[in-house]
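Scroll down for the structure; my scribbles are underneath it.
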Amino acid sequence: PKPPIENKVVPFSRPVPKLETADRPQLLKRAEAEGIKNYRKMSTVRLRSKLQQLRAA
Numbered sequence: 008p009k010p011p012i013e014n015k016v017v018p019f020s021r022p023v024p025k026l027e028t029a030d031r032p033q034l035l036k037r038a039e040a041e042g043i044k045n046y047r048k049m050s051t052v053r054l055r056s057k058l059q060q061l062r063a064a
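Written out as structure tokens, the structure is:
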């Protein structure tokens, strides 16, 4: 189990830049349309890369 991320600085983890979270709603919509399982649990960054892979394929 991962320790809770509080005041530790962890690269590539929770502290998400604002511009990442701004388009999360439409990413979630697209993920739902693509039928990605558990998309709500995924991070915005991960969702975006998954959707990009799908579109590239």
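For the sequence shown, position 54 (counting from the first letter as 1) is numbered 61 according to the numbering used here, and the numbering increases by one without interruption. Where is the CB? At the ideal position from N, CA and C, for every residue including glycine. On a predicted model such as this, the values are computed, not experimentally measured, just so you know.
- Item | residue 33 versus 63, 55, 44, 60, residue with shortest Cα-Cα distance | Stepping through the sequence shown from its first residue, residue 33 is reached at position 26. Ranked by Cα distance from residue 33, the first of 63, 55, 44, 60 is 55.
- Task: Give the secondary structure of residue 56 by DSSP, where H, G and I count as helix, E and B as strand, and everything else as coil.
- Result: As a working mapping, residue 56 is identified with position 49 in the sequence shown. Taken through DSSP and simplified to helix, strand or coil, residue 56 comes out as helix.
- Query: Between the C-alpha atoms of residue 44 and residue 63, what's the straight-line distance to the nearest angstrom?
  - Reply: Numbered from its first residue, the sequence shown carries residue 44 at position 37. Numbered from its first residue, the sequence shown carries residue 63 at position 56. Cα to Cα, residue 44 sits roughly 19 angstroms from residue 63.
- Message: What would DSSP say about residue 36, mapped onto helix, strand or coil?
- Response: In the sequence shown, residue 36 corresponds to position 29, counting from 1. Three-state result, residue 36: helix.
- Going straight from the alpha carbon of residue 51 to that of residue 57, what length do you get? Position 44 of the sequence shown, counted from the start, is the residue given in the question as residue 51. Position 50 of the sequence shown, counted from the start, is the residue given in the question as residue 57. When rounded, the distance between both Cα atoms is 10 angstroms.
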